[in-house]
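Note that the sequence shown ends on residue 925 in my numbering; no numbers are left out. Don't be surprised by glycine CBs; every beta carbon is placed ideally from N, CA and C. These figures come from a predicted structure and were not determined experimentally. Heads up, the thing below is written out as structure tokens.
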Amino acid sequence: MGKGFQLDRSTEADSIHQQLVDGLSAEFALLPPGDPLPGAKELQQRFGVAYMTITRALDELVLRNEIVRFRGKGSFTASSRVRKIYYLQIAPDEIKPYFSPELEGACEQARISGIKIQNFPIANYDTVGLVDWDLMKKLPLHVPVVISSLSNFHGVLDFLLERQCQLVVLNDLTDRCRFDAERIKHCHQVVRNRFKQIIKAVSILADSNCKKILLIHEGPTVFNPIRSGYQAGLQENHLQYDPELELFCQDNYAVTKNRFEVVMQMRPDIDAIITTYASQALAVYNVLQKLRRSVPQQISLLTLEDSAALAMNQQGITSVNIDRHCMGKLAVQLLAGNHPQPVCREVPIVVNYRETVKVKI
Numbered sequence: 565m566g567k568g569f570q571l572d573r574s575t576e577a578d579s580i581h582q583q584l585v586d587g588l589s590a591e592f593a594l595l596p597p598g599d600p601l602p603g604a605k606e607l608q609q610r611f612g613v614a615y616m617t618i619t620r621a622l623d624e625l626v627l628r629n630e631i632v633r634f635r636g637k638g639s640f641t642a643s644s645r646v647r648k649i650y651y652l653q654i655a656p657d658e659i660k661p662y663f664s665p666e667l668e669g670a671c672e673q674a675r676i677s678g679i680k681i682q683n684f685p686i687a688n689y690d691t692v693g694l695v696d697w698d699l700m701k702k703l704p705l706h707v708p709v710v711i712s713s714l715s716n717f718h719g720v721l722d723f724l725l726e727r728q729c730q731l732v733v734l735n736d737l738t739d740r741c742r743f744d745a746e747r748i749k750h751c752h753q754v755v756r757n758r759f760k761q762i763i764k765a766v767s768i769l770a771d772s773n774c775k776k777i778l779l780i781h782e783g784p785t786v787f788n789p790i791r792s793g794y795q796a797g798l799q800e801n802h803l804q805y806d807p808e809l810e811l812f813c814q815d816n817y818a819v820t821k822n823r824f825e826v827v828m829q830m831r832p833d834i835d836a837i838i839t840t841y842a843s844q845a846l847a848v849y850n851v852l853q854k855l856r857r858s859v860p861q862q863i864s865l866l867t868l869e870d871s872a873a874l875a876m877n878q879q880g881i882t883s884v885n886i887d888r889h890c891m892g893k894l895a896v897q898l899l900a901g902n903h904p905q906p907v908c909r910e911v912p913i914v915v916n917y918r919e920t921v922k923v924k925i
């Protein structure tokens, strides 16, 4: 099993008992079911602690059904079912509560699978990109970890690989994911293929005879999958690319509304809009109502993110969606599966046809 983890005897560390339970749990989870485990005396020599301290830790692992004890022999074997998965977040919940559809999906699948999800902050402050390495060192070796955003957590990737953690990356094919492709090939991946998603969206609009399709996005470079997929979709449908038909906007209703009003004054020939976010779609719809542009007779509207608000809108807004909730569920399934080699799963694209696109279904 190699050198394995070491006990941290500093005053800030968890109790010796808790370190033993967490560390041995992670080590033993890597072994095939039935593999023999080191006995209490061997572990006592390895860690230099009291014999009873070791036996209490082993007793807890037996009660949690993580290892199997042979009565009367004092020996144990592995039972390699995953019982806890760590989910990275930027800061502790008391500083910045964290919620996302991916985390919700992971928690739902974990309940089904009898697994505990534990949030693990990489720092004690809410600043993207900064890492508290003393805090990171408290993460046990070999444990299953979900990396929900490579953009936010790429700084700890090498550290997690060195600790031989079982990693799953939620890969949305951003510029950062492309840049780090060589590093994440050693991890499980759940892919949100936004390149294919936007091509599908453009094709739906092209089929409804739209020619001037405005894309509202926040892609920082032309390599961003939404921007590159938009151009590829236009080319596939024999439509001309026009750089004036790209509008940079983040996930903000008010900003989108203001910027889109300006674009419509400058380009009244626009006959379709694709938004990245649901909030942008709602902003666009309200501007079109204000301008008395009938939807979908004069102009079509489609978004890449679905939400209940779109379905409940005055006119239901069509979406070409990749289920982020499903991404979290797949992440837990991959880690629970104990796959010997990295596995990649792609989340399917779902089209929710509503009332803002003229399409024959």
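At a cut of 8 Å, does the stretch 672-692 reach the stretch 905-916 through at least three beta carbon pairs?
-> no
Return the CA-CA distance between L601 and V626, expressed in angstroms with no decimal places.
-> Translated into the one-based positions of the sequence shown, residue 601 becomes position 37. Translated into the one-based positions of the sequence shown, residue 626 becomes position 62. When rounded, the distance between both Cα atoms is 12 Å.
In chain order, what residues of the same chain have a beta carbon less than 6 Å from the beta carbon of A594, not counting five sequence neighbours either side?
-> Here residue 594 refers to the residue found at position 30 when the sequence shown is read from its first residue. In the sequence as displayed, the identity of residue 594 is Leu instead of Ala. Cβ contact annotation for L594 (same chain, cutoff 6 Å, sequence separation greater than five): H706, in chain order.
Just confirm the distance between the C-beta atoms of E606 and M891, as a whole number of angstroms; I'd bet it's less than 8 Å.
-> Taking the sequence shown and counting its residues from 1, the one referred to as residue 606 is at position 42. Taking the sequence shown and counting its residues from 1, the one referred to as residue 891 is at position 327. Contact annotation, E606 with M891: C-beta distance approximately 41 Å; criterion of less than 8 Å not satisfied.
Complete runs of the alpha helix (DSSP H) confined to the stretch 618-680 [at least 4 residues] = Complete alpha helix (DSSP H) runs here, min 4: 665-677.
Cα-Cα, which of S715, I681, K680 is closest to L694?
-> The count along the sequence shown starts at 1 and reaches residue 694 at position 130. Residue S715 is the option with its Cα nearest to L694.
DSSP state of R610, grouped into three classes?
-> Taking the first residue of the sequence shown as position 1, residue 610 is located at position 46. Of the three classes helix, strand and coil, the one that applies to R610 here is helix, per DSSP.
Going by other Cβ atoms of all chains shown within 10 Å of its Cβ, with 16 needed for buried, is K749 buried or exposed?
-> Position 185 of the sequence shown, counted from the first residue, corresponds to residue 749. Result: exposed.
Output the boundary residues of the beta strand (DSSP E) element that contains N735.
-> Stepping through the sequence shown from its first residue, residue 735 is reached at position 171. Residues 730-735.
Return the CA-CA distance between I649 and W697, expressed in angstroms with no decimal places.
-> Position 85 of the sequence shown, counted from the first residue, corresponds to residue 649. Position 133 of the sequence shown, counted from the first residue, corresponds to residue 697. The straight-line gap from Cα to Cα measures roughly 20 Å.
Consult DSSP for H706 and reduce its assignment to one of helix, strand or coil.
-> As a first step, residue 706 must be located in the sequence shown, where it is residue number 142. Three-state DSSP puts H706 in coil, outside helix and strand.
Mind checking which residues open and close the beta strand (DSSP E) that includes F812?
-> Position 248 of the sequence shown, counted from the start, is the residue given in the question as residue 812. Start and end: 810-812.
Compute the Euclidean distance between the alpha carbons of I925 and N822, then round it to the nearest angstrom.
-> One-based indexing of the sequence shown puts residue 925 at position 361. One-based indexing of the sequence shown puts residue 822 at position 258. Because the pLDDT of I925 is 48, which lies under 50, any placement of that residue in the model is unreliable, and the question is left without a value.
For P789, which of helix, strand or coil comes out of DSSP?
-> Mapped onto the sequence shown, residue 789 falls at position 225. Three-state DSSP puts P789 in a helix.
Separation of Q862 from M830, as counted between CA atoms | Working through the sequence shown from its first residue, we reach residue 830 at position 266. Working through the sequence shown from its first residue, we reach residue 862 at position 298. Roughly 17 Å between the two C-alpha positions.
Inter-stretch contact at 8 Å, needing at least 3 Cβ pairs: the stretch 870-885 / the stretch 778-797 | no
Helix, strand or coil for Q795, going by three-state DSSP, please let me know.
-> Walking along the sequence shown from the start, residue 795 turns up at place 231. Here Q795 sits in helix by DSSP.
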